Amino acid sequence: MTFFISVQQVVIMFLLMGIGYFCRHINLISEQTTKDMTNVLLYIVSPCLIVNAFLQKFSWRRLELFFIVFATVIGVFLLAILIGKLVFTDKRVADVQKRAVLRYGAPYSNAGFMGAPLVQAILGKTAVFFAVPYLVVYNIFMWTHGVGLFKKTKDIRQNLKEALLNPNVIASLVGLLLFITQIHLPDILVTTIHQVVNLNTPLSMIIIGTNLGAVKWKQLANDRFIWQGVFVRNILVPGIVLLVLIWLPLNTPALMATLIMVSCPVSGTAVLFSLLNDYDLEFPTKLMCLSTVFSIASLPLLILCADLLLQI
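Residue numbers (the numbering used here): 1061 to 1372.
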């Protein structure tokens, strides 16, 4: 059942991306508008989504599962980083810039913009609770290990500070406090949060679509390393993670939420970090775009595999 729901939701999301793609293609949405919408999503909508996930009745079992998922996700990132390093060795990928992007793409999925909306759409609000640990660990790893892949000089303290001050991390701490203490927010504030959360899926997908609309699709897939990067991010890493997850003490919503987050395409931050470090943008942009397009098939396929394995 989850498989058919996932197919439907993925198609809906790609239709929303199509709106963004079309608007960018006809110059209805500019590059600056995309940046502004991204800031709204990052600093307002996404934190509201996270806090909203914690606005539920306290349960020791759910709190226990939250920290089990948190520990699991740390292991997932360490595993994905190892896979990226083993597959994209210095010998196999001589180009330093391509190697950095490929190794970055292995662990870092588009979990924030695509994963969280998918979890919400497929599994519901309560399952977003189990997606939050992924976002927290993601940001900590991204601003330490991820940035380090691109930077020649590494300021660990500054990177860790940026990770801990990330809006998603702060929202997670606030939400966890509300969940544990059971502090009840005023109804008018809760309603406002709910209204903002409703913007998450369409805004996220339109932003992704506008980014795709700025890409020149001719000669997009003329590099074999791009295909290898797509395979590792879309199939290999989530496939191996799935085989590990089914043996852990997780309930179905926690397992599926974690799987969806790890199965998303290459994160757009691969392009961002390339830009910030004066890397060539063509390769990471192509990798992100192809990975996103192929996720329309790979995401439902992985969810189907999870459904079948859970029935054994």
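Just so you know, even glycine gets a beta-carbon here, dropped at the ideal spot from N, CA and C.
Since the model is a prediction, treat every value here as computed from it, not as a measurement.
Under the criterion of beta carbons closer than 8 Å, Leu-1102 and Pro-1227 qualify as touching, at roughly 6 Å. The C-alpha of Leu-1315 is placed about 29 Å away from the C-alpha of Thr-1251.
In this structure, the CA atom of Val-1331 is about 20 Å from the CA atom of Phe-1137. Distance from Thr-1312 to Leu-1370 at the Cβ level is roughly 6 Å; contact confirmed, criterion being Cβ atoms closer than 8 Å.
Going by DSSP, Trp-1120 is part of the alpha helix (DSSP H) stretching over 1120-1147. In the DSSP assignment, Trp-1307 falls outside any alpha helix (DSSP H) and carries neither an H nor an E.
The DSSP-derived three-state label of Ser-1090 is coil.
In this structure, Leu-1350 lies away from Ile-1295, with their beta-carbon atoms at least 8 Å apart. For Leu-1336 and Cys-1365, the gap between their C-alpha atoms comes out near 38 Å. Here DSSP, grouped into helix, strand and coil, assigns Val-1067 to helix.
Annotated three-state conformation of Ser-1327 is coil, per DSSP. Here Ser-1169 is bridged, per DSSP, to Val-1326. By the C-beta criterion, the segment 1162-1172 is judged not to be in contact with the segment 1238-1245, since fewer than 3 inter-stretch pairs fall below 8 Å. Cβ-Cβ distances below 6 Å link Met-1077 to Met-1265, Ile-1268 and Gly-1269 in the same chain, with the five nearest sequence neighbours on each side left out; the list follows chain order. Between Leu-1109 and Asn-1260, the C-beta spacing is below 8 Å.
By the neighbour-count definition (other C-beta atoms within 10 Å, threshold 16), Trp-1307 is an exposed residue.
Three or more Cβ pairs closer than 8 Å define a contact, and the segment 1147-1162 falls short of that threshold against the segment 1116-1127.
Annotation for Gly-1235: Ile-1110, Val-1111 and Phe-1114 place their beta carbon closer than 6 Å to its own, counting only its chain and skipping 5 residues before and after. The straight-line gap separating the alpha-carbon atoms of Val-1192 and Ser-1232 is approximately 7 Å. A distance below 8 Å separates the beta carbons of Tyr-1339 and Phe-1210. In this structure, the straight-line span from the alpha carbon of Phe-1333 to that of Thr-1204 is close to 12 Å.
With contacts defined by Cβ atoms closer than 8 Å, Phe-1063 and Pro-1360 form a contacting pair. When the Cα atoms are used, Val-1290 and Pro-1325 turn out to be separated by approximately 8 Å.
For Asp-1247, the uninterrupted alpha helix (DSSP H) segment begins and ends at 1247-1257. Residues of the same chain with a CB within less than 7 Å of the CB of Ile-1104, apart from the 5 flanking positions on each side, are Val-1256 in chain order. Between the C-alpha atoms of Phe-1343 and Val-1322 there is a straight-line separation of about 22 Å. Rounded to the nearest whole angstrom, the C-alpha separation of Ile-1065 and Ala-1187 is 15 Å. Annotated as proximal: Gly-1175 and Ile-1320, with beta-carbon spacing under 8 Å. Considering only Phe-1173, Val-1153, Gly-1184 and Arg-1217, the residue with the shortest C-alpha distance to Arg-1284 is Val-1153. Residue burial annotation: Leu-1075 is exposed, with fewer than 16 other C-beta atoms found within 10 angstroms of its C-beta.
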